[in-house]
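Each residue of the sequence shown is one higher than the one before, starting from 5 at the first, in the numbering used here. Have a look at the structure below before the remarks.
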Amino acid sequence: MRSHPVMPRHRVRTLLAIGVLGATAALAAPTPVAAQPPGMPPIGMVCTNGPTFHLVATTGTVETPDGNSVFMWGYADADTGGHFQSPGPVLCVNQGETVTVTLHNDLPEAVSVIFPGQEGVTGTGPAGLLTNEAAPGGDASYTFVAGQPGTYVYESGSDPTRQVEMGLYGALVVRPTSHPDWAYDSTTVFNPAREYLILLSEIDPDLHHAVETGTTYDFNALHNRYFDVNGRQFPDTIQQNGIPWLPSQPYGALVRVQPFNAVTNPLPALIRMVNVGELNHPFHPHGNHIRLVAQDGRRLLSPTGQDASSEHFGDTIAAGQTEDFLFSWTDQDSWDPGSNPLPPEPNYLNLFFKGNVTWYSGSPYLGRKGTGLPTVVTSQNLCGEWYFPWHSHALNEFTNFDEGFGGMATLLRVDPLGGCTALPTATNILAGTLKSGNYTALGASDTLYYQVNSTISGTRTADWYASFTGIPLGAANLTATYVGRNCATTGCPAGPTVPTTLYVWRWASSTWVQLGATVPVGPADVTVNQALPAPLSDFIGTGPNQGRMRLRVQTSGGTTSFVTNGNLLRLTYDAP
Ligand SMILES: [Cu+2]
Numbered sequence: 005m006r007s008h009p010v011m012p013r014h015r016v017r018t019l020l021a022i023g024v025l026g027a028t029a030a031l032a033a034p035t036p037v038a039a040q041p042p043g044m045p046p047i048g049m050v051c052t053n054g055p056t057f058h059l060v061a062t063t064g065t066v067e068t069p070d071g072n073s074v075f076m077w078g079y080a081d082a083d084t085g086g087h088f089q090s091p092g093p094v095l096c097v098n099q100g101e102t103v104t105v106t107l108h109n110d111l112p113e114a115v116s117v118i119f120p121g122q123e124g125v126t127g128t129g130p131a132g133l134l135t136n137e138a139a140p141g142g143d144a145s146y147t148f149v150a151g152q153p154g155t156y157v158y159e160s161g162s163d164p165t166r167q168v169e170m171g172l173y174g175a176l177v178v179r180p181t182s183h184p185d186w187a188y189d190s191t192t193v194f195n196p197a198r199e200y201l202i203l204l205s206e207i208d209p210d211l212h213h214a215v216e217t218g219t220t221y222d223f224n225a226l227h228n229r230y231f232d233v234n235g236r237q238f239p240d241t242i243q244q245n246g247i248p249w250l251p252s253q254p255y256g257a258l259v260r261v262q263p264f265n266a267v268t269n270p271l272p273a274l275i276r277m278v279n280v281g282e283l284n285h286p287f288h289p290h291g292n293h294i295r296l297v298a299q300d301g302r303r304l305l306s307p308t309g310q311d312a313s314s315e316h317f318g319d320t321i322a323a324g325q326t327e328d329f330l331f332s333w334t335d336q337d338s339w340d341p342g343s344n345p346l347p348p349e350p351n352y353l354n355l356f357f358k359g360n361v362t363w364y365s366g367s368p369y370l371g372r373k374g375t376g377l378p379t380v381v382t383s384q385n386l387c388g389e390w391y392f393p394w395h396s397h398a399l400n401e402f403t404n405f406d407e408g409f410g411g412m413a414t415l416l417r418v419d420p421l422g423g424c425t426a427l428p429t430a431t432n433i434l435a436g437t438l439k440s441g442n443y444t445a446l447g448a449s450d451t452l453y454y455q456v457n458s459t460i461s462g463t464r465t466a467d468w469y470a471s472f473t474g475i476p477l478g479a480a481n482l483t484a485t486y487v488g489r490n491c492a493t494t495g496c497p498a499g500p501t502v503p504t505t506l507y508v509w510r511w512a513s514s515t516w517v518q519l520g521a522t523v524p525v526g527p528a529d530v531t532v533n534q535a536l537p538a539p540l541s542d543f544i545g546t547g548p549n550q551g552r553m554r555l556r557v558q559t560s561g562g563t564t565s566f567v568t569n570g571n572l573l574r575l576t577y578d579a580p
């Protein structure tokens with residue numbers, strides 16, 4: 005008789021209902037700032053660097069977005085406390101290094117580690133079918149010289165059908181010596197700030213429950229319910245690395261790029277895909293094709309050594325396989341509301357908002373946020389960035405316990421080139437009088453100017469500020485840009501050169517903070533770029549002023565009246 009222990013059905017349903025609410029709440033919550041453990045980047049592949057590693061095979065649980073939790077096995081990193089994690093740490097080494105992996109076994113049966121694609125692996129510990137094994141409570145170790153650069157799997161070589169499904173797996177990355185910016189060779193150069201891991205696996209909770217309770221399990225009844233990317237299911241996959249509410253699932257899977265530009269963003273992202281599951285997965289990246297450059301840690305070359313990489317609209321990655329992709333995103337149609345508008349521009353009435361939450365910005369144009377969203381809709385969009393789903397095209401895997409969408413999916417996020425920008429939404433004059441124009445004249449460096457007459461006695465001064473809205477808490481690399489000129493009261497191009505100073509409003513102390521040095525500005529446009537000082541959170545409003553910033557332009561000096569002509573006032577930043 006086969007044992008088929010499973011949670012009572014009604015309990016699963018209740019958890020699902022709670023889970024849906026929980027997932028929505030998680031999506032609506034602001035992205036946490038600096039939640040990662042020290043040294044862990046918010047997104048992108050997280051390396052555990054070698055060449056010596058100390059692993060512990062241990063037990064733990066993972067959380068699923070539908071409110072369930074699943075008992076797992078996994079390889080933990082003894083060097084950082086041996087805390088259970090899924091998947092195991094990403095082991096990163098350099099070609100030619102002598103790699104040593106020790107394994108302590110806290111599980112009740114013999115386990116091991118195999119390294120497919122590495123040659124000459126020697127081990128210690130009792131001999132098993134495929135490699136040396138660590139007995140319960142015992143140890144094993146493995147040594148090899150890191151071979152050809154590439155992406156590899158490491159996993160249990162003991163009863164793998166069961167132990168690998170239970171979670172004894174991880175990724176091994178071999179980097180070319182002295183070239184962390186090459187996947188393989190000089191033809192596979194990539195942007196090291198854009199290196200991503202997509203590790204696929206499946207979970208049948210019945211198997212995990214049977215292992216946890218020591219009961220039997222019939223593999224003929226295998227029914228996977230959870231489909232993972234980096235040990236998480238969508239939408240948890242798009243959360244940052246190391247978020248505190250998924251303590252044993254440290255790796256996010258959000259892929260983030262900026263559009264290709266031959267000068268300012270020429271290098272592709274590197275996507276390392278790893279399938280540690282037992283099923284083949286047809287993975288489909290939306291947005292642009294991805295270029296397959298290697299399989300199973302081997303560069304794709306013709307018999308005569310020519311590049312044999314190819315572009316893919318989707319790609320089936322086989323069980324146990326690894327594949328490496330270079331990825332550049334191009335705005336192929338160059339849609340622009342001024343020069344190349346969409347015919348016709350879509351209306352929100354044609355869009356469907358599930359649960360009144362959307363990743364759409366209200367505008368179909370990259371880098372621009374529209375205002376056309378119904379008032380009940382909350383936009384998660386930060387600065388007009390675009391999101392594309394990357395997901396298993398076996399749509400039953402695009403679910404969490406048969407509820408869509410979820411499971412084996414993540415998002416590609418495309419930010420505007422150069423980062424996000426914010427433009428003034430209002431102006432106020434502190435000294436002087438408005439001559440002409442309003443805040444919209446400050447939205448572009450063009451022929452439109454926001455003109456302020458200076459005071460007319462004593463030291464002549466024009467002093468004004470612009471307000472900005474929608475700056476996300478956690479914005480980084482904030483820079484203020486001012487373009488303007490000072491003209492005579494009779495008009496340009498005559499005019500005095502007047503000292504000009506930029507300030508930013510510090511909400512915490514209700515004071516203006518000077519940005520950089522005072523700059524002389526005469527009757528021709530001058531561009532002033534000033535980086536904002538840390539901590540940036542001092543300058544981004546909270547509560548009723550959430551997301552507000554103020555930039556001030558103070559032009560003061562001499563006894564000749566003048567007119568300040570503001571051409572552009574802009575903030576640029578990296579959104580969290
Ligand atoms: Cu799709």
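Glycine included, every Cβ here is placed at the ideal spot set by N, Cα and C.
Taking a contact to mean a Cβ-Cβ separation below 9 Å, would you say Val125 touches Tyr146 in this structure?
yes
When a residue counts only if its C-beta is closer than 7 Å to some heavy atom of ligand 1, which residues count, in chain order?
His288, His290, Pro393, His395 and His397
Return the chain-ordered list of same chain residues with a C-beta closer than 6 Å to the C-beta of Gly371, the five sequence neighbours on each side being excluded.
Gly388 and Pro420
Where DSSP assigns a beta bridge to Ala139, which residues make up the other side?
DSSP lists no partner for Ala139.
Out of Asn442, Ser565 and Thr65, which one is the CA nearest neighbour of Leu250?
Thr65
Contacting residues, own chain, Cβ-Cβ under 8 Å from Pro55 (five flanking each side not counted):
Val97, Asn98, Glu101, Thr102, Val103, Thr104 and Ala150
Counting along the chain, where does the alpha helix (DSSP H) carrying Ala266 start and finish?
Here Ala266 belongs to no alpha helix (DSSP H), and DSSP marks it neither H nor E.
For Ser162, collect the residues of the same chain with a Cβ closer than 7 Å to its Cβ; drop the 5 residues on either side in sequence, then sort them by chain order.
Ala114, Val115, Ser116, Gly132 and Glu137
Roughly how many angstroms separate the alpha carbons of Val487 and Thr504, rounded to a whole number?
11 Å
Taking 9 Å as the cut-off, decide whether the C-beta atoms of Phe264 and Leu296 are in contact.
no
Taking the CB atoms as reference points, tell me whether Ser659 and Leu572 lie closer together than 9 Å.
As shown, the chain starts at 5 and ends at 580. That puts residue 659 outside it, with no answer to give.
Simplified DSSP assignment, three categories, for Gly218:
coil
Can you grab the Cα-Cα spacing for the pair Ser396 / Pro341, in whole Å?
34 Å
Pair within 9 Å by beta-carbon distance, Gln40 and Asn245:
yes
May I have the straight-line CA-CA distance separating Pro45 from Gly474, to the nearest angstrom?
24 Å
Tell whether a beta-carbon distance below 9 Å holds between Tyr255 and Pro91.
yes
Entirely within the stretch 313–385 and at least 3 residues each: give me those beta strand (DSSP E) ranges in chain order.
314–316, 319–321 and 326–331
In this structure, how does DSSP classify Gln558 when only helix, strand and coil are distinguished?
strand
Sequence-distant residues of its chain with Cβ nearer than 6 Å to Val523 (five each side left out)
Thr504 and Val532
Name, in chain order, the residues that DSSP records as bridge partners for Glu169.
Bridge partners of Glu169: none, in fact.
Beta strand (DSSP E) segment containing Val157, residue limits:
Gly154 to Glu159
Is Ala528 helix, strand or coil by DSSP?
coil
Within this structure, are the beta carbons of Arg556 and Leu434 separated by less than 9 Å?
yes
Is DSSP giving Asp70 helix, strand or coil here?
coil
Ile202 beta carbon less than 9 Å from that of Phe317:
no
Nearest residue (CA-CA) to Asp143, options Pro548, Thr155, His290 and Asp110
Asp110
Who are the Cβ neighbours of Val380 in its own chain at under 8 Å, not counting the five residues just before and after it?
Asn360
Which of the three DSSP states, helix, strand or coil, is assigned to Thr431?
strand
Status (buried if at least 16 other CB within 10 Å, exposed otherwise) for Phe223:
exposed
Residue ranges of each alpha helix (DSSP H) within the stretch 185–231, 4 or longer
209–217
6 Å CB neighbourhood of Val16 in its chain, flanking five on each side removed:
For Val16, the pLDDT reaches just 33, beneath the cut-off of 50, and the residue's location in the model is therefore unreliable, leaving the point undetermined.
Alpha carbon to alpha carbon, how far is His227 from Gly301?
30 Å
Give me the Cα-Cα distance between Thr559 and Thr494, rounded to the nearest whole angstrom.
18 Å
Which stretch, first to last residue, makes up the beta strand (DSSP E) that contains Ser471?
Thr465 to Phe472
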